[in-house]
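Numbering (this note's numbering), first residue to last: 2 to 254.
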């Protein structure tokens, strides 16, 4: 079952696709999760506690819940939301999001480091959304991050791998799992990110805004598997000149 497991904290996962559920209608959530093959799904804590229909009722029991601290503007607020998620029965995994910027929705890396330490000390497994920065990633790792989740492009933009070179540095230098979060807009972009050696992909908007949501979830699942397979195989070299695929001998006369 775990021939090439994704290991986060004390858990092993077969799937390397983490599904964001924030933009799906509740009635389609279980179908999208099934099509995606995801074993981890994010939830916004407010969707589990606002009385408008509990998203927890729509997520299969075998899927690990990843509540996020969306709405937190500082480390203390993130900690409060983490504790609330635990009281709601969401477990110890927590996606750390600390955002002050309301225009671009970029994470505040410095408050995020503080939040990660506070949550780790409370027994959580923090999976941390951040602006890709090597020094910050090192500090997050020291603070107890179970996974580092750099954005590829502004959240919700479907902009693609705009931070590709920075993400590759994190892959090369950080021991914690690197999970690309935010901005991935198509299965081909997810595949490209996996070819870099990232450990997993998280996506929401690219799926939720597709014409066929369930089919797009399946497309992402397959692309992520293909990218991982290509990375493990080792991509071929790139040349600046042509090279025949067969020896230039034995031509017909």
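Beta carbons: idealized from backbone N, C-alpha and C, even for Gly.
Contact under 7 angstroms by Cβ, residue i with residue j
i           : j           : result
residue 219 : residue 22  : no
residue 146 : residue 171 : no
residue 109 : residue 101 : yes
residue 29  : residue 86  : no
residue 183 : residue 25  : no
residue 159 : residue 207 : yes
From the options, residue whose alpha carbon lies closest to that of residue i
i           : options               : result
residue 227 : 201, 215, 216 and 238 : 201
residue 165 : 12, 206, 185 and 140  : 185
residue 64  : 14, 106 and 206       : 14
residue 71  : 143, 128 and 242      : 128
residue 212 : 77, 230, 136 and 187  : 187
residue 132 : 112, 92 and 242       : 112
residue 105 : 8, 174, 156 and 217   : 156
residue 217 : 91, 175, 34 and 124   : 34
residue 136 : 103, 174, 181 and 107 : 174
Cut-off 6 angstroms between Cβ atoms - residues of its own chain near residue i, not counting five sequence neighbours on either side
i           : result
residue 67  : 41, 43, 94 and 96
residue 179 : 149, 171, 172, 199 and 200
residue 1   : Beyond the ends of the chain as shown, which are 2 and 254, falls residue 1; an answer cannot be given.
residue 10  : 126 and 147
Contacts around residue i, its chain only, beta-carbon distance under 7 angstroms, and the 5 residues preceding and following it disregarded
i           : result
residue 38  : 16, 18 and 222
residue 162 : 153, 190, 193 and 194
residue 32  : 215
residue 140 : 114
residue 61  : 31 and 34
Neighbourhood of residue i by C-beta distance below 8 angstroms, restricted to the same chain and skipping five residues each side
i           : result
residue 197 : 165, 168, 169, 172 and 232
residue 236 : 196
residue 80  : 116, 119, 120 and 123
_Continuous beta strand (DSSP E) assignments of at least 3 residues falling wholly in the segment 113 to 200_ = 126 to 131, 148 to 151 and 180 to 182
Across the segment 81 to 99 and the segment 111 to 125, are there enough close Cβ pairs to call them in contact, namely three or more that are closer than 8 angstroms? yes
Fill in: Within the segment 40 to 88, ranges of the beta strand (DSSP E) (whole runs, at least 3 residues)
41 to 45 and 65 to 69
Segments of 4+ residues assigned as alpha helix (DSSP H) that fall wholly inside the segment 2 to 36
none
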